[in-house]
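Asks: According to UniProt numbering, the stretch in the sequence shown is residues 1 to 283, in order.
Beta carbons are placed, not taken as given, at the ideal position from N, Cα and C, and that holds for glycine.
Mind looking over this structure? Questions follow.
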Amino acid sequence: MAQHSHEPQLPYFDALLESFEEGDPTVAEAFGDHVHWGYWDAEPDPVPTPAEFAAAAERLSSEVWQAAEIHDGERVLDVGCGFGGTLASIDAHRSGMTLSGVNIDHRQLLRAGRMRVAAAGNTLDWTRADACALPFADASFDAVLAVECIFHFPDRGRFFAEAWRVLKRGGRLALSDFVPTRMLLPAVLAAEYWPGSRGFYGKVDMRCTADRYARLAADAGFLPVLDRDITRNTLPTYPFLRHLSPRLRRLRFSAVAETLFAESASRLGLLRYRILAFRKIGG
1 MAQHSHEPQL PYFDALLESF EEGDPTVAEA FGDHVHWGYW DAEPDPVPTP AEFAAAAERL
61 SSEVWQAAEI HDGERVLDVG CGFGGTLASI DAHRSGMTLS GVNIDHRQLL RAGRMRVAAA
121 GNTLDWTRAD ACALPFADAS FDAVLAVECI FHFPDRGRFF AEAWRVLKRG GRLALSDFVP
181 TRMLLPAVLA AEYWPGSRGF YGKVDMRCTA DRYARLAADA GFLPVLDRDI TRNTLPTYPF
241 LRHLSPRLRR LRFSAVAETL FAESASRLGL LRYRILAFRK IGG
C-alpha cells in the first residue's frame with residue numbers, strides 16, 4: 001500500500017456519499033457513475049433532468065478517453081478515478097483491456113469496487129495511492145487519464161513526471177481541467193484563500209494557464225497533441241447544479257459562491273474547460 005501524504009478534504013464527496021446512504025434517488029441517478037461536469041452538443045432550454053445530466057457526464061468521460069486514442073488490448077490508468085465511471089465506459093467499448101483506477105479516497109474506491117464488474121476479456125483493479133507517487137512500474141501503461149481532478153493534486157509537475165514514468169514510449173496522457181486566462185488569475189489567487197481553501201469543493205488549484213500546461217508538458221517530456229475548448233458544451237452543468245443543490249444537506253454558502261464564480265467566469269470567456277492530450281516522447 002502506498003503512502004498517502006496528500007489527504008484532501010472533499011466536502012462535496014462527503015455530501016454525495018451521505019445522500020447515497022440515505023437513498024436519495026435523484027442524487028444517485030445524477031452522480032452514481034460520474035462526479036464531474038457534463039457534455040452537451042447544444043445548451044437545452046429546460047434544466048437537464050438527473051438522467052440527462054448522467055448521460056452528459058458519461059459523454060464527457062468518453063470525450064476524454066477518446067482523446068487518449070485508446071485501443072483494444074491496452075493497459076489504461078485512470079488517476080482520480082472517482083466511482084470508476086470512466087473505466088466502466090472504456091470497459092463497455094473496448095476489449096482485451098487492463099483497466100486500473102487510482103484514488104486517494106478509499107471510500108470512492110470501495111464504491112467503485114462494489115459497482116464495477118469487468119466485461120469478458122477485460123480486467124479492472126483499484127488502488128489507493130497519491131497521484132504524485134504512483135505505485136506502478138516504469139513504462140507499464142499505454143494511456144493515463146485524469147478526468148476533472150488534477151486541480152486537487154498537490155503538484156501538477158510531479159503528476160506529469162509520474163505519468164511520463166509509468167507510460168510506455170509513445171503512450172498518451174489525456175485530462176480535462178478548468179484553465180483560466182491570464183486576466184482571471186488575480187481572482188483565482190484570491191479565491192484560493194476563501195472559499196477555495198476550505199470550501200465545498202475542497203482545496204483546489206485553478207492557476208494553471210494554457211502557457212503553464214505547455215511548460216509542464218515540455219519539462220516532463222510530453223508532446224502536446226490536443227487542446228480542445230469544450231466550455232460551451234459544459235455550460236448546462238451550472239443550472240443543473242443550482243436545481244439540485246437543495247438536496248445536498250452539506251451544501252454551504254461556499255458551494256453557491258464557488259459554483260457561481262466558475263459559471264460567471266466561464267460564460268465571460270475567462271475560465272475555459274479544456275480537454276488536453278499529450279504523447280510521451282523518448283524514454
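By the three-class DSSP mapping on this structure, what secondary structure does alanine 174 have?
Replies: What you label residue 174 is simply residue 174 of the sequence shown in a count that begins at 1. Three-state result, alanine 174: strand.
Asks: How about tryptophan 37 and leucine 16: do their beta carbons lie closer than 8 Å?
Replies: Within the sequence shown, residue 37 is the residue found at index 37, counting from 1. Within the sequence shown, residue 16 is the residue found at index 16, counting from 1. No, they are not a contact pair.
Asks: Any idea what DSSP makes of phenylalanine 83, helix, strand or coil?
Replies: Here residue 83 refers to the residue found at position 83 of the sequence shown. In this structure, phenylalanine 83 counts as coil in the three-state DSSP scheme.
Asks: Determine the closest residue to arginine 156 out of Val147, Ala131, Ser140, Asp138, with distance taken between C-alpha atoms.
Replies: Position 156 of the sequence shown, counted from the first residue, corresponds to residue 156. Ranking the options by Cα distance to arginine 156, first place goes to Ala131.
Asks: In the region 213-271, which residue ranges form an unbroken alpha helix (DSSP H) of at least 4 residues, counting only runs that do not cross its ends?
Replies: If we require 4 residues or more, the alpha helix (DSSP H) runs fully inside the region 213-271 come out as 231-234, 237-244, 253-267.
Asks: In the DSSP assignment, find the unbroken beta strand (DSSP E) run with arginine 128 in it and report its ends.
Replies: Residue numbering aside, residue 128 sits at position 128 when the sequence shown is read from its first letter. Taken as a continuous stretch (DSSP letters only), the beta strand (DSSP E) holding arginine 128 covers 123-128.
Asks: Could you say which of Thr237, Ala56, Ala187, Val256 lies nearest to threonine 86 if we only look at CA atoms?
Replies: The sequence position of residue 86 within the sequence shown is 86, counting from 1. Nearest C-alpha to threonine 86: Ala56.
Asks: Classify serine 100 as buried or exposed, calling it buried when 16 or more other Cβ atoms lie within 10 Å of its own Cβ.
Replies: Here residue 100 is taken as the residue at index 100 of the sequence shown, counted from 1. Flag for serine 100 reads buried.
Asks: Rounded to the nearest angstrom, what separates alanine 92 and aspartate 72 at their Cα positions?
Replies: Translated into the one-based positions of the sequence shown, residue 92 becomes position 92. Translated into the one-based positions of the sequence shown, residue 72 becomes position 72. Roughly 11 Å separates the two Cα atoms.
Asks: State the Cα-Cα distance for the pair arginine 267 and phenylalanine 261, rounded to the nearest angstrom.
Replies: Position 267 of the sequence shown, counting from 1, holds the residue named residue 267. Position 261 of the sequence shown, counting from 1, holds the residue named residue 261. Each residue's alpha carbon lies about 10 Å from the other.
Asks: Could you say if the region 138-152 and the region 162-178 meet the contact criterion of at least three C-beta pairs nearer than 8 Å?
Replies: These segments touch.
Asks: For valine 256, decide whether its Cβ has a neighbour in chain C, counting only Cβ atoms nearer than 8 Å.
Replies: Among the chains of the structure shown, chain C does not appear; only one protein chain is present.
Asks: Valine 47 and aspartate 142 - do their beta-carbons sit closer together than 8 Å?
Replies: As a working note, residue 142 is residue 142 in the sequence shown. As a working note, residue 47 is residue 47 in the sequence shown. Against a cut-off of 8 Å, the Cβ pair of valine 47 and aspartate 142 comes out as no contact.
Asks: Any idea which residues DSSP pairs glycine 101 with across the strands?
Replies: Here residue 101 corresponds to residue number 101 of the sequence shown, with the count starting at 1. Answer is Asp78, Trp126.
Asks: To the nearest angstrom, report how far apart asparagine 122 and glutamate 74 are at their CA atoms.
Replies: Taking the first residue of the sequence shown as position 1, residue 122 is located at position 122. Taking the first residue of the sequence shown as position 1, residue 74 is located at position 74. So the alpha carbons of these two residues sit roughly 10 Å apart.
Asks: Between the region 270-283 and the region 224-238, do at least 3 Cβ pairs fall closer than 8 Å?
Replies: Result yes; three or more Cβ-Cβ pairs closer than 8 Å.
Asks: Does the Cβ-Cβ distance between proline 180 and threonine 209 come in under 8 Å?
Replies: In the sequence shown, the residue the question calls residue 180 occupies position 180. In the sequence shown, the residue the question calls residue 209 occupies position 209. Going by C-beta atoms, proline 180 is nearer than 8 Å to threonine 209.
Asks: So, under 8 Å CB-CB, aspartate 138 and phenylalanine 13 are touching, yes? Tell me the CB distance rounded to an integer number of Å.
Replies: Residue numbering aside, residue 138 sits at position 138 when the sequence shown is read from its first letter. Residue numbering aside, residue 13 sits at position 13 when the sequence shown is read from its first letter. No, aspartate 138 and phenylalanine 13 are not in contact; Cβ-Cβ is about 31 Å, not under 8 Å.
Asks: Could you please give the first and the last residue of the uninterrupted alpha helix (DSSP H) stretch that includes phenylalanine 160?
Replies: Taking the sequence shown and counting its residues from 1, the one referred to as residue 160 is at position 160. Looking at the DSSP string, the run of the alpha helix (DSSP H) that includes phenylalanine 160 is 156-166.
Asks: Are the CB atoms of glutamate 58 and serine 89 nearer to each other than 8 Å?
Replies: Within the sequence shown, residue 58 is the residue found at index 58, counting from 1. Within the sequence shown, residue 89 is the residue found at index 89, counting from 1. In this structure, serine 89 lies closer than 8 Å to glutamate 58 by Cβ.
Asks: What's the gap between the Cα of proline 195 and the Cα of alanine 265?
Replies: Locating residue 195 in the sequence shown gives position 195, counting from the first residue. Locating residue 265 in the sequence shown gives position 265, counting from the first residue. In this prediction, proline 195 has a pLDDT of 49, which is less than 50 and means its spatial position is unreliable; what the coordinates show is noted afterwards. Approximately 16 Å between the Cα atoms of the pair.
Asks: Please classify leucine 244 as buried or exposed, where buried requires at least 16 other C-beta atoms within 10 Å of its C-beta.
Replies: The sequence position of residue 244 within the sequence shown is 244, counting from 1. Buried.
Asks: Go ahead and pull the three-state DSSP assignment for isoleucine 90.
Replies: Your numbering for residue 90 matches position 90 in the sequence shown. It is helical.
Asks: Assuming the contact rule is C-beta atoms closer than 8 Å, glutamate 162 and leucine 134 should be a hit. Round their C-beta distance to whole Å, please.
Replies: Stepping through the sequence shown from its first residue, residue 162 is reached at position 162. Stepping through the sequence shown from its first residue, residue 134 is reached at position 134. Their Cβ separation, rounded to whole angstroms, is 5 Å, which keeps glutamate 162 and leucine 134 in contact under 8 Å.
Asks: Quick one: Cα of arginine 182 to Cα of valine 166, how far?
Replies: Numbered from 1 along the sequence shown, position 182 holds the residue referred to as residue 182. Numbered from 1 along the sequence shown, position 166 holds the residue referred to as residue 166. Their backbone Cα atoms lie some 32 Å apart in a straight line.
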